[in-house]
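Chemist: Before I ask anything, here is the structure I am working with.
Protein chains: 4
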Amino acid sequence: MLDGRKINVGVLGATGTVGQRFISLLAEHPFFVIHALGASPRSAGKHYAKAVNWKQVRPIPSQVREIIVHECKPEHFLECEVVFSGLDADVAGDIEASFRLAELAVFSNAKNFRRDPNVPLIVPLVNPTHLSMIRQQRALHSPPLKKGFIVTNANCSTTGAVVPLAVLEKAFGPLESCIITTMQAISGAGYPGLPSFDILDNVVPYISGEEEKIEWETLKILGGIVDDDEGQKVFDMHSRQPLRVSASCNRVPVIEGHTECVSVRFARRPPPSPQQVREALQGYTSDVYTMGCPSAPRHTIFVHEEADRPQPRLDRDYQAGAGVCVGRVRQCRVLDIKFVVLANNVAIGAATSSIINAEYAAIKGEI
Amino acid sequence: MLDGRKINVGVLGATGTVGQRFISLLAEHPFFVIHALGASPRSAGKHYAKAVNWKQVRPIPSQVREIIVHECKPEHFLECEVVFSGLDADVAGDIEASFRLAELAVFSNAKNFRRDPNVPLIVPLVNPTHLSMIRQQRALHSPPLKKGFIVTNANCSTTGAVVPLAVLEKAFGPLESCIITTMQAISGAGYPGLPSFDILDNVVPYISGEEEKIEWETLKILGGIVDDDEGQKVFDMHSRQPLRVSASCNRVPVIEGHTECVSVRFARRPPPSPQQVREALQGYTSDVYTMGCPSAPRHTIFVHEEADRPQPRLDRDYQAGAGVCVGRVRQCRVLDIKFVVLANNVAIGAATSSIINAEYAAIKGEI
Amino acid sequence: MLDGRKINVGVLGATGTVGQRFISLLAEHPFFVIHALGASPRSAGKHYAKAVNWKQVRPIPSQVREIIVHECKPEHFLECEVVFSGLDADVAGDIEASFRLAELAVFSNAKNFRRDPNVPLIVPLVNPTHLSMIRQQRALHSPPLKKGFIVTNANCSTTGAVVPLAVLEKAFGPLESCIITTMQAISGAGYPGLPSFDILDNVVPYISGEEEKIEWETLKILGGIVDDDEGQKVFDMHSRQPLRVSASCNRVPVIEGHTECVSVRFARRPPPSPQQVREALQGYTSDVYTMGCPSAPRHTIFVHEEADRPQPRLDRDYQAGAGVCVGRVRQCRVLDIKFVVLANNVAIGAATSSIINAEYAAIKGEI
Amino acid sequence: MLDGRKINVGVLGATGTVGQRFISLLAEHPFFVIHALGASPRSAGKHYAKAVNWKQVRPIPSQVREIIVHECKPEHFLECEVVFSGLDADVAGDIEASFRLAELAVFSNAKNFRRDPNVPLIVPLVNPTHLSMIRQQRALHSPPLKKGFIVTNANCSTTGAVVPLAVLEKAFGPLESCIITTMQAISGAGYPGLPSFDILDNVVPYISGEEEKIEWETLKILGGIVDDDEGQKVFDMHSRQPLRVSASCNRVPVIEGHTECVSVRFARRPPPSPQQVREALQGYTSDVYTMGCPSAPRHTIFVHEEADRPQPRLDRDYQAGAGVCVGRVRQCRVLDIKFVVLANNVAIGAATSSIINAEYAAIKGEI
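Chains as they are written, first to last, in the UniProt record's numbering: chain A, 1 to 367; chain B, 1 to 367; chain C, 1 to 367; chain D, 1 to 367.
Right, here's the structure in full:
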């Protein structure tokens, strides 16, 4: 794809949960090369293997064990072209802005810039073309930038739902409304995250800020980019056909994999049948796969026929968690169609999305 | 209430999960006295303590340990006036019919007669007045009965949802539609029920027959009784204002307590506000409590103010599981109002409902 | 017992996990009356119901909801005679010492003073007579005290093992060695305690400091008090018959109740048979029960006959968790006898022990 | 190894838990080729994909989906040289005997023949040389056999303990006694196995027959083969230096991976230090690895330095579960040394052992 070109990358928040996933995935990447690691001042100066409380099933990749961790300052990442950010929201804003200012391409899993009018919010299986917004982002930046930009990916629970929703809109025209109820894994809360005392033998029917993210991010992702009266490009938030999204978010005692029950109503009457929906979901191929992004899954959506699938424990590792699984496609007595979707919150719901976004940008020549 | 009168009762399916709950609850009852126990032929002839694989936290009540278990034949229950049935559906139909024929009052937790046009389906906190149907049930029976009848209570997941729905209809008029997503405890599947291999670190997004039960039973419970053209009483299935119910049922690794996310749309415009809904739910008092049924909860619905409640582990034992807990009452962007409801599936979702139904019937003089 | 006398008590660390248990238990106590609550400066000045993140199944007792929380300084507890300490070890030392200096009786669940040569370490079902050491504690204090003293109770995992060990020594003479392997509940780690990510679908075969506590505390508790050469009383650490204790501590995904596998070797040859051991354990009655301590369990040890008991979920609430359960008493091919013991780590393993110790002291006239 | 020779194999009990593991592993094997599948009569005649309730994370291997399942009769396996048996003990005895009689090499995970005086019980990382017993097994069979034989592997919980015990004996001479306390995963009980109601938030301190297996099998595996007075070869059951083993077995809410706390006493005085033990364990290489068995792990034992490892969730998949992990090697105050061992009960504890045993036999020319 890149004619053998290698790209040096850095990881910000390298000792955290998302950072560990970035490192696991990038260690085996065909063209991204881990070159620098950033973390908090108390980790800076240590070998990565000493700084991190490694919590992955696979051991620490050998090539990063001895890398010296730095503070998250651009001066330590000058030999990188790309940084992946797994930073917590309380520090991600300033740090990511400083890396963009230093002309680095930032692919962030944090929420801070998702609502920025010039920052694309990209679920790579859905809307990679939103990457085009980075030109305006650079141009309007003060000072204008040549190479630096920020691209965000979506919240983990948004990601799971929006993939089948996007496919349905492509196949059957706009959706009118959507009700989503999530059953989210504890790994979505990072580490230490949820105290075990709160979740063993329990459900917590609330995740702070999560429902708002699903309801807002879905519109930005499924919407288009249009020109406003002043000739600026703007995200239209699905405004040509208003889409109402209502989310209820729950935490369940599952380690990995968000399960979501989704009901949708189509604008078109009559709506598609369950069988038509199944075929559309199963048949979809993402642009990032077609274009050759190496981390893109062959099957964007796997549609289960068994009545009791997908299940997080059995299906979360399908295609290394890079696609999503859908099951139980059937009629809804209130809206039109309902189904279950499972997405791996730490793979396509987090680090994998950032990486595919960067692969796409590299292939497109933006890096 | 009954002027000191005691009523002998039997328990059918006494060694099963629901049967054990009946026995725990009835052992301390003010006017029901456990007099006979029925189970399968392989348990018959044994002392209860030998026949049962007791799985309750509280020990076997001392007064039942030595009772000899019989087969589920009416001849062994002639000194009882009431039987509670915790039988499995594969045998409940014939056995319950035979007890009714023997002029016993049968209060059943099984599904077999729930759809019978002359058998009331009663959630005691909601529609105890449906008990009136038993007169027609006796009259139309062949041969006509003097005392025998069958009353059923609802499926555990239906029960949790229908209590707040009923209160909302009483306060604000008919509902138009309702979407329910459940996260159900494993105890709802009986014993041995779910293999641990299927549910540890997992969600199973399917429970056979459960969604159909919620969607159908809700209509019978919330509907009224009307006269048909031939002068017969019939359950109207909420037909004066059609109500569409859509359910998605999931099993989660929780031992006890079904959590359900519910969204509703009211017929009336504008719909009530979240605060009005909260007040209506909190302020409701059930008829069975007012009339003095000893197992009825003082608070039909406890409305939580905290953002993260109700939770099954913390709230399932409130009022001995006889009421329901609601939380997170808020606007729904697609329908009108959404909330979370928690019901103890083995208490108000099963044995406790049967017992309150029988208490009501006794107080009403039908036993 | 106390002729109707009521005793005002305070709770230190009132908002923590152990503090919440103290409050739940004391709210219904026949002669202790909650009068003052102490917590960290950030809670001080607030109503208890506002300061606490209540995590108990039973609601906050109504009489403490409105109590104003104070900092843990003796000046706020002058109307109390007793304080119960659920403080964390990092602050318990100084605070408890200051309360003793202010002539208060301190019953502490913290580890700080357990190894103090003048502070008794009392498992109330085992060695309440060690309370006698408080006279020397007062006398040697600088300045000497009239009423103030500190009594500690044991670590939760020590408590479970030491109860049957003490009974065996009383019945069959000294033990020679003991191997203990624990499977401990997550509630033993306080709140937030163990991250769920670390314990779901997992065992953690290590608990910091826990094995040392079991190996050391057991000797102090099972040992006697003797006079040394200078006429001082000293804990003999079981030195007349050296006892070797080896512990292996594990954390398992259980909410409440520590299960421990114990093998023992007796000094006496031949050792007692399993049946003799069972009878000794079942037949034991504690002094604190005999003397009328209201929180003491009627049965110190319940001996299960079923092969698969005790189990934490089924047995941890027996006698409100104030006794211990033993099962599987059988021969050990390496030592003499092995068995399983279950103790409720948050009841007899923590707050309940402190309270019984205080009841005993009150009945003995030391308060 | 085999010069490109391929060996047709069959799997008995192919639809069960162990059978599914055999199929997953054999589908990618370098020289074993799945040729026939056997299961109960109700599965016979169906395509494997239809007959099986597949419960593995990896999908059904494509090459077995369409294989027609047969009853477990030798006539259907005539083109196989080897059969692997994942049969339940209630049927394994007769079936395995019939396959041996038909001159097939049977590698069985079932317990039925483990105690047979002519059947080797082989943990491949420990005692593959016991394979030599099959010559006598064939010779003494009636009628004598040319190729048929049965080899068993050990119980899953025995396997975990016996690997480090064997290494310790090789390095430091015979052991005198050993106390083992297990915390076993639910997958060890097969499917459906343990009801979720019994194990969520719980420990079950009993597994039927398990302690006896550990105590007996360990002696057969660690012992040698000697000639008796009549010139027959016999397993000496470690009788030259009697070894006493005491086991306590517990089930915990873990899906996969048995964790065991082990204390040992050596015959030699003084015993080795913890550091010597660590080095011996870490340095050991198994014969099956040296000889090139493709499923043998490079590291027989991985010794963790971190205080809190091994843990089942993090370590069970190390080397595809084919080795074992040891941690916390330290002195025992009662015996000499104690440590924690983790073994993957469904890999080295079951199917992987059978397969390595067969690889060894093939390389040795016995197949």
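For each residue, glycine too, the CB sits at the ideal point set by N, CA and C.
Which residues bound the beta strand (DSSP E) around residue 84/C?
Modeler: Locating residue 84/C in the third sequence gives position 84, counting from the first residue. Element bounds for residue 84/C: 82–85.
Chemist: Is it buried or exposed for residue 205/B, if we count other Cβ within 10 angstroms and need 16 for buried?
Modeler: To locate residue 205/B, count along the second sequence from 1; it is residue 205. Buried.
Chemist: Can you give me, in chain order, the residues of the stretch 183–201 of chain A that have a beta carbon less than 8 Å from any beta carbon in chain C?
Modeler: 186, 187, 191, 192, 193, 194, 195, 196, 197, 198, 199, 200, 201
Chemist: Thinking C-alpha only, which one of 178/C, 142/C, 10/C, 280/C is nearest residue 170/C?
Modeler: Residue numbering aside, residue 170/C sits at position 170 when the third sequence is read from its first letter. The shortest C-alpha separation from residue 170/C is found at 280/C.
Chemist: Assuming the contact rule is C-beta atoms closer than 8 Å, residue 77/A and residue 4/A should be a hit. Round their C-beta distance to whole Å, please.
Modeler: Taking the first sequence and counting its residues from 1, one reaches residue 77/A at position 77. Taking the first sequence and counting its residues from 1, one reaches residue 4/A at position 4. That pair is no contact at about 23 Å.
Chemist: Within this structure, are the beta carbons of residue 173/B and residue 267/B separated by less than 8 Å?
Modeler: Within the second sequence, residue 173/B is the residue found at index 173, counting from 1. Within the second sequence, residue 267/B is the residue found at index 267, counting from 1. Their beta carbons are under 8 Å apart, which means residue 173/B touches residue 267/B by this criterion.
Chemist: Counting Cβ pairs closer than 8 Å, one from the stretch 59–73 of chain C and one from the stretch 19–28 of chain C, do we hit at least three?
Modeler: Taking 8 Å as the limit for Cβ pairs, the verdict is that the stretch 19–28 of chain C does touch the stretch 59–73 of chain C.
Chemist: For a test of the three-state rule: what should DSSP assign to residue 157/C, helix, strand or coil?
Modeler: Position 157 of the third sequence, counted from the start, is the residue given in the question as residue 157/C. Correct three-state label for residue 157/C: helix.
Chemist: How is residue 76/B classed by DSSP in three states: helix, strand or coil?
Modeler: The sequence position of residue 76/B within the second sequence is 76, counting from 1. Helix at residue 76/B.
Chemist: For residue 72/A, which of 346/A, 97/A, 112/A, 49/A has the nearest alpha-carbon?
Modeler: Taking the first sequence and counting its residues from 1, one reaches residue 72/A at position 72. The shortest C-alpha separation from residue 72/A is found at 97/A.
Chemist: Out of 245/B, 323/B, 187/B, state which residue places its alpha-carbon closest to the alpha-carbon of residue 396/B.
Modeler: A question about residue 396/B goes unanswered here, because the residues of chain B that appear run from 1 up to 367.
Chemist: So residue 407/B and residue 57/B are in contact, right, with Cβ under 8 Å, and what is the actual spacing, rounded?
Modeler: Coverage of chain B is limited to positions 1 through 367, which leaves residue 407/B absent and any answer about it impossible.
Chemist: Name, going along the chain, the residues of the stretch 327–340 of chain C whose beta-carbon falls closer than 8 Å to a beta-carbon of chain D.
Modeler: 327, 328, 332, 333, 334, 335, 338, 340
Chemist: Residues in the same chain with beta-carbon distance under 7 Å from residue 194/D, minus the five sequence neighbours each way, listed in chain order, please.
Modeler: If you number the fourth sequence from 1, residue 194/D lands on position 194. So the qualifying residues of the chain are 186, 251.
Chemist: Select from 259/B, 135/B, 54/B the residue whose C-alpha is nearest the C-alpha of residue 144/B.
Modeler: Residue 144/B sits at position 144 when you count from the first residue of the second sequence. When 259/B, 135/B, 54/B are compared, the shortest CA-CA separation from residue 144/B is found for 135/B.
Chemist: If residue 177/C sits next to residue 264/D, beta carbons under 8 Å apart, how far is it from one beta carbon to the other, in whole angstroms?
Modeler: Taking the first residue of the third sequence as position 1, residue 177/C is located at position 177. Taking the first residue of the fourth sequence as position 1, residue 264/D is located at position 264. Residue 177/C to residue 264/D, Cβ: 14 Å. No contact.
Chemist: Would you call the CB atoms of residue 123/D and residue 353/D closer than 8 Å?
Modeler: Residue 123/D sits at position 123 when you count from the first residue of the fourth sequence. Residue 353/D sits at position 353 when you count from the first residue of the fourth sequence. Contact flag set, yes.
Chemist: If the criterion is Cβ atoms closer than 8 Å, does the pair residue 86/B and residue 140/B meet it?
Modeler: Your numbering for residue 86/B matches position 86 in the second sequence. Your numbering for residue 140/B matches position 140 in the second sequence. Taking 8 Å as the Cβ cut-off, residue 86/B and residue 140/B do not qualify as a contacting pair.
Chemist: Using a Cβ cut-off of 8 Å (strictly closer), state whether residue 59/D contacts chain B.
Modeler: Here the question's residue 59/D lines up with position 59 in the fourth sequence. It does not: the Cβ of residue 59/D has no partner Cβ on chain B nearer than 8 Å.
Chemist: Find out if the Cβ-Cβ distance for the pair residue 290/B, residue 300/B is shorter than 8 Å.
Modeler: As a working mapping, residue 290/B is identified with position 290 in the second sequence. As a working mapping, residue 300/B is identified with position 300 in the second sequence. Cβ distance not < 8 Å, so residue 290/B and residue 300/B don't count as in contact.
Chemist: Taking all protein chains shown into account, decide if residue 43/D is buried (16 or more other Cβ within 10 angstroms of its Cβ) or exposed.
Modeler: Taking the fourth sequence and counting its residues from 1, one reaches residue 43/D at position 43. So residue 43/D ends up on the buried side.
Chemist: Residue 346/C and residue 310/C - do their beta-carbons sit closer together than 8 Å?
Modeler: As a first step, residue 310/C must be located in the third sequence, where it is residue number 310. As a first step, residue 346/C must be located in the third sequence, where it is residue number 346. Cβ distance not < 8 Å, so residue 310/C and residue 346/C don't count as in contact.
Chemist: What is the DSSP secondary structure of residue 11/C, counted as helix, strand or coil?
Modeler: Counting from 1 along the third sequence, the entry for residue 11/C is found at position 11. Of the three classes helix, strand and coil, the one that applies to residue 11/C here is strand, per DSSP.
Chemist: Below 7 Å on C-beta distance, what does residue 253/A contact in chain C?
Modeler: Here residue 253/A is taken as the residue at index 253 of the first sequence, counted from 1. What residue 253/A touches in chain C: 200.
Chemist: Give the DSSP-derived three-state secondary structure of residue 25/D in the structure shown.
Modeler: Taking the first residue of the fourth sequence as 1, we reach residue 25/D at position 25. Three-state DSSP puts residue 25/D in a helix.
Chemist: What are the boundary residues of the beta strand (DSSP E) that includes residue 105/D?
Modeler: The sequence position of residue 105/D within the fourth sequence is 105, counting from 1. Its beta strand (DSSP E) spans residues 105–108.
Chemist: Sort out for me which residues DSSP pairs residue 258/B with in a bridge.
Modeler: Mapped onto the second sequence, residue 258/B falls at position 258. According to DSSP, which records beta bridges pairwise, residue 258/B is partnered with 343/B.
Chemist: Can you name the residues of chain F whose CB is closer than 8 Å to the CB of residue 342/C?
Modeler: Among the chains of the structure shown, chain F does not appear; the protein chains present are A, B, C and D.
Chemist: Name the DSSP bridge partner or partners of residue 276/A?
Modeler: One-based indexing of the first sequence puts residue 276/A at position 276. According to DSSP, which records beta bridges pairwise, residue 276/A is partnered with nothing at all.
Chemist: Let me confirm a value: residue 313/C is counted as buried when at least 16 other C-beta atoms fall within 10 Å, else exposed. Which label applies?
Modeler: Here residue 313/C corresponds to residue number 313 of the third sequence, with the count starting at 1. With 16 or more Cβ atoms within 10 Å of its Cβ, residue 313/C is classed as buried.
Chemist: For residue 55/C, would you say it is in contact with chain A, using Cβ-to-Cβ distances shorter than 8 Å as the test?
Modeler: Within the third sequence, residue 55/C is the residue found at index 55, counting from 1. Residue 55/C belongs to the set of residues whose beta carbon lies under 8 Å from a beta carbon in chain A.
Chemist: Let's test the definition: count the other Cβ atoms within 10 Å of the Cβ of residue 226/C and tell me whether it reaches 16, buried, or not, exposed.
Modeler: Locating residue 226/C in the third sequence gives position 226, counting from the first residue. Exposed, by the Cβ-count rule.
Chemist: Starting from residue 314/C, follow the alpha helix (DSSP H) in both directions and report where the run begins and ends.
Modeler: Looking up residue 314/C in the third sequence gives position 314. Residues 312–315.
Chemist: Going by DSSP in three states, residue 183/C sits in which element: helix, strand or coil?
Modeler: As a position in the third sequence, residue 183/C is number 183, starting the count at 1. DSSP places residue 183/C in strand when its eight states are reduced to three.
Chemist: When the Cα atoms are used, what is the spatial distance from residue 113/C to residue 60/A?
Modeler: Translated into the one-based positions of the third sequence, residue 113/C becomes position 113. Translated into the one-based positions of the first sequence, residue 60/A becomes position 60. One C-alpha to the other measures close to 42 Å.
Chemist: Listed from N- to C-terminal order along the chain, which residues in the stretch 237–249 of chain D have their beta-carbon within a distance smaller than 8 Å of any beta-carbon of chain C?
Modeler: 244, 245, 246, 248
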